[in-house]
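Residue numbers (the working numbering): 6 to 625. Ideal placement from N, C-alpha and C gives every residue a C-beta, glycine not left out. Shown next, in structure tokens, is the structure this report addresses.
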């Protein structure tokens, strides 16, 4: 092991008043070293706590700016590119708050997919935030909870990585701020920030890394740090298991590369960390044992959600995302298949800059490990078969090695690019720190510091995110927003909205929330089991009447309806426990739907902006 000329956490005591800097060539440790800071009279803004507050406030302002229009219309604002996901997540938040208020189970609900119900742990219901924020939902409604989680999640994630980098990687807090911002406002996160709060509220991931580093350095108490780490892991499971799995995968790659580079140092670290890791694992399993049982063995559970090949196209890594300054300027009106799954799109300027940084900092062990981890996880994100501009290259990727393993078989491999974000943040933070803490070189204006920040701006500006598009929701039919529905539904029975809720149209979930979650809905938008093997699928397995009505809604064509279809419809209503069928007057293809429903059930009656068909007398 090389000679560590200055005290660093693995080699010596970590005392107050010592400031973090990168280790020099003589230090063989993974972490940065520490040197005593020179006493200087810095301006008040440079005081660490005040500067920390300024940087965190900046993150919060950036996040608020992205969601500004959502906050300006808290009752009716709807993120345009969220598809039906905003309706879904608001339903998740509302139903868990409702369950908490009424003493019902918070991890399972029959308010959707009646009578089978929905396993909320098997969905991205985020009980780790939905339950603590239930008072917010009670007071202001689930749209505010949705906006708080999205906005606070982005800012909190940036602040968490800033804390890790400032504490353990670099001396300059401005350098740490650049790294933290890249981890939270990078294109993959911004893409998911339209619709997937579990991929914006990742603020616990850097804290998990922080406490792993505390166990590595031995600067705290092993037992206490193990308990805190276990609690953080359990909480993250209840917020989002997929981001945690991706982080763990990235950390495993990082650790394996470290072990190959410095086996003695790695083995010593493992022995030092093992007691704390054991405590953390035991506590985490105790805290989330029942929720995990519920997820994998409880009612409406499923085995795996197969997505099929879904890797990042190799051309995507150098492209600019739609939700960015460069994307808006260079590709106005750009159309993408799924705006919430642009999991690469880092842009060529940033990739070129990262290549330069890697070459520049290669001799430093943390940079070398981050660079190799970056390449490996991006290769994993490209999937098992590599495509370029939509064409198969004939090459296979490392995803084939792990894609069939438990948990990974339900993971969209393109999302592995999230594991690259901390590595990118590390590299940029280390480069900024070196420029800011070393004496500038050069002549006149052409100094290394100025050249670096010009290059950084050229790399970052094209992928700077722009404000999200927000539209106003259509007015909820008065039938649902008042008590007009009550005479038509008995307690414990359902209303059948036409078309039935699905991943294509989940407005009924919003109407149900507006009605106080006082009645159940058949089918819906969720992930649940299908078939004898209980494979995961989006939504319920549709019944015949549901399929018929959905086809009419999509095509506007009226199908032939005879005694067989009418008998099947009555049977399906009986299965759903339905007391009435409801067709909003403003629904697309409403005339064709009305004609079909009249052929099935006879004339309907108009009430509060909808047409209502009470269930046939044979059922009631």
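Secondary structure of residue 399 (DSSP, three-state): strand. A contact is defined here as three or more CB-CB pairs under 8 Å, and the region 486 to 503 fails this definition with respect to the region 440 to 460.
Only residues of its own chain outside the window of five on either side were considered, and among them 95, 96, 99 and 147 have a CB closer than 7 Å to the CB of residue 518, listed in chain order. When C-beta atoms of the region 71 to 88 are compared with those of the region 466 to 473, three or more pairs fall below 8 Å, so the two segments count as touching.
In this structure residue 364 is not in contact with residue 288, their Cβ atoms being roughly 43 Å apart against a cut-off of 8 Å. When DSSP states are grouped into helix, strand and coil, residue 117 belongs to the coil group.
Within the DSSP bridge table, the entry for residue 611 names 616 as partners.
Here residue 192 has 326, 329, 347, 350, 351 and 468 as same chain residues with Cβ atoms under 7 Å from its own Cβ, once five neighbours each way along the sequence are excluded. Closest in alpha carbon position to residue 567, among 579, 221 and 553, is 553. If you look at residue 390, you'll find it in the beta strand (DSSP E) that goes 390 to 393. The count of Cβ pairs closer than 8 Å, one atom from the region 493 to 502 and one from the region 580 to 587, reaches three, so the stretches are in contact. Between the region 406 to 422 and the region 381 to 397 there are three or more inter-stretch CB-CB distances shorter than 8 Å, so the stretches are counted as touching. When 217, 324 and 320 are compared, the shortest CA-CA separation from residue 278 is found for 217.
Distance check between residue 465 and each of 559, 101, 184 and 177 places 184 closest, using alpha-carbon atoms only. Rounded to the nearest whole angstrom, the CA to CA distance from residue 214 to residue 169 is 8 Å. Cβ-Cβ separation between residue 430 and residue 188: approximately 4 Å, consistent with a contact (criterion under 8 Å). Residues 225 and 230 of the same chain have their beta carbon placed closer than 7 Å to that of residue 219, with the five preceding and five following residues left out of the count. Counting the other CB atoms within 10 Å of its CB gives residue 205 a total of 16 or more, which places it among the buried residues. In this structure, residue 544 sits away from residue 534, with a CB-CB distance that is not shorter than 8 Å.
No residue range can be given for residue 520, since it is assigned to no beta strand (DSSP E) and is classified by DSSP as neither H nor E. For the pair residue 241 and residue 529, the CB atoms are not nearer than the 8 Å cut-off. Sorting 208, 417, 246 and 83 by C-alpha distance to the C-alpha of residue 127 places 246 at the top.
When secondary structure is reduced to three states using DSSP, residue 584 falls in the strand class. Counting only the Cα atoms, residue 477 lies some 49 Å from residue 442. Looking at the backbone, the Cα of residue 178 and that of residue 86 are separated by about 35 Å. For the pair of segments examined, the region 262 to 270 was found not to touch the region 137 to 151: the number of CB pairs separated by less than 8 Å stays below three. Non-local C-beta neighbours of residue 310 in its own chain, meaning closer than 8 Å and more than five positions away in sequence, comprise 415, 532, 540, 541 and 542, ordered along the chain. The DSSP assignment places 475 to 477 as complete runs of the beta strand (DSSP E) inside the region 425 to 491, in order along the chain (cut-off: 3 residues). Straight-line spacing of the CA atoms in residue 253 and residue 80 works out to 38 Å. Look at residue 551 here: in three-state DSSP terms it is helix.
Nearest neighbour of residue 606 by Cα position, chosen from 594, 613, 593 and 569, turns out to be 569. Collapsing the DSSP output to three states places residue 500 in a strand. Inter-residue distance for residue 239 and residue 305 is about 22 Å (C-alpha atoms, whole angstroms).
Sixteen is the threshold: when 16 or more other Cβ atoms of the shown chains lie within 10 Å of the Cβ of residue 267, as they do, the residue is buried. DSSP, reduced to helix, strand and coil, places residue 192 within a helical segment of the structure shown. Distance from the CA atom of residue 308 to the CA atom of residue 484, rounded to whole angstroms, is 39 Å.
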